[in-house]
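Just so you know, we're using the working numbering here: the sequence shown kicks off at 18 and counts up by one. We put the beta carbon where it would ideally sit given N, CA and C, even for glycine. Read through the structure below, which is laid out as structure tokens, and then see the notes.
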Amino acid sequence: MFAGSNVAIVTPFTRDGSEVDYAKLKELIEWHIESGTDGILPTGCTGEAATLSHEEQKAVIKFSVETIAGRVKVIPGTGSNNTKEAMELSCYAKEVGADGVLVISPYYNKPTPEGQFQHYKAIAEVADLPIMLYNVPGRTGIKMSADTIARIYNEIENVVCIKEACGSVDQVTEILQRCDIEVLSGDDMLTLPMAAVGGKGVVSVIANILPAEVKALCDAVLAGDFAKAKELHYKLIEIARTMFVETNPIPVKTAMDLMGKMDFSVRMPLTKAQPGTVECLKTVLKKYNLL
């Protein structure tokens, strides 16, 4: 359902970070559609949902759905460590016409496997739309096991996909040994390695700066052209690694500023990139002819 190149789109702010820059967000959305991106995921980790108010989060979701207008899939992040809040946000996404929702496993609370299952079950019962699980222990403090993921998929009808960001190809193997859930890489460096064991694409950070190239990689994977996919993987690997030299989305927003795609602005507690990071980004962007 959500196979291919899906961008975890940044949230552009005004220079002082006080407001969402909707004119710039529209511009970025149009660029992605023109570049062939298959799906757009606003209000996720890269979209800094953690520093958006609920009112802002809903406004960004509504704006994204209305701007995209059915031209590509829109799958907003609606997760929370508070199940009731995740239910509310997911219902809102359904109400305004999203194609699905990205729901992160509960962070900070560190629920048991049973708690993880009940969290997704409660959301699915009130929000009748496709759900993409998001397994990212680096952000949440706890990993969903392959057994738990398979149980969620097998017992909750509208769970259809997972953004797998454990950084482990073996994790993907274990998941697909247990169920037929659609697996997308949550790490740009692992799009091809995960595809080798059954992955169907990526939720990408680097698609914010190289949307056509990430689309080409995913198209090659889905066509079974692994020679072409390997060539593109090695072409993109250096810039993919560079986007994570500091906390995401600091590097990618800095890169977009250097490229002239948007003004850099993040909200506290995130800060601007360190001078060494900026120089590193300039060097890499020059190699890719992006400056």
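The Cβ neighbour count for D205, taken over all protein chains shown within 10 Å, is at least 16; the residue is labelled buried. According to DSSP, residue pairing for S221 in a beta bridge involves V24. Just measuring C-alpha positions, the residue of I121, V231 and V238 sitting nearest G53 is V231.
Excluding its 5 nearest sequence neighbours in each direction, V200 has C-beta neighbours in its own chain below 8 Å: C178, I179, E181, V189, I192, L193, M211, G215, G216 and K217, listed in chain order. Excluding sequence positions up to five before and after V295, its CB lies within less than 7 Å of the CB of T271, all in the same chain and listed in chain order. When C-alpha distances from E255 are compared across L298, G184, E44 and L287, the shortest belongs to L298.
Between the stretch 85-98 and the stretch 122-141 there are three or more C-beta pairs closer than 8 Å, enough to call the two in contact.
Cβ contact annotation for P268 (same chain, cutoff 8 Å, sequence separation greater than five): T259, M260, F261, V262, A290, T294 and L298, in chain order. The Cβ atoms of L308 and M276 sit closer than 9 Å to each other. If you ignore the 5 residues before and after R195, its C-beta comes within less than 6 Å of the C-beta of A163 and A167, all in its own chain and listed in chain order.
Around the Cβ of D145, a 10 Å sphere holds fewer than 16 other Cβ atoms; the residue is exposed.
Taken in chain order, the complete alpha helix (DSSP H) segments of 4 or more residues contained in the stretch 22-60 are 39-52. Burial is judged here by how many other beta carbons sit within 10 angstroms of a residue's own beta carbon; S202 has at least 16 and is buried. Setting aside the 5 residues that flank it on each side, Y170 is surrounded in the same chain by V176, C196 and I198, each with a C-beta closer than 6 Å to its C-beta; the list follows chain order.
Counting only runs of 4+ residues, the alpha helix (DSSP H) found wholly inside the stretch 79-157 occupies 100-113, 130-143 and 154-157, in chain order. H71 is classed as exposed because its beta carbon has fewer than 16 other beta carbons within 10 Å across all chains shown.
Listed in chain order, the non-local C-beta contacts of A139 below 7 Å within the same chain comprise T100 and M104, local neighbours out to five positions each way being set aside. Looking at A76, V118, T300 and Y305, the one whose alpha-carbon comes closest to that of I57 is V118.
Within 10 angstroms of the beta-carbon of D55 lie 16 or more other beta-carbons, which makes it buried.
Annotation for L201: no alpha helix (DSSP H) segment contains it, though the beta strand (DSSP E) segment containing it runs E199 to S202. Boundaries of the alpha helix (DSSP H) harbouring C235: P228 to L239, taken from the DSSP string. Put simply, of H49, C183 and A213 the residue whose alpha carbon is nearest the alpha carbon of N225 is H49. When secondary structure is reduced to three states using DSSP, C62 falls in the coil class, being assigned neither helix nor strand. In the displayed model, K278 falls within coil according to three-state DSSP, outside both helix and strand.
Under the DSSP definition of a beta bridge, V176 partners with I148. C-alpha of V82 to C-alpha of V27: approximately 15 Å in a straight line.
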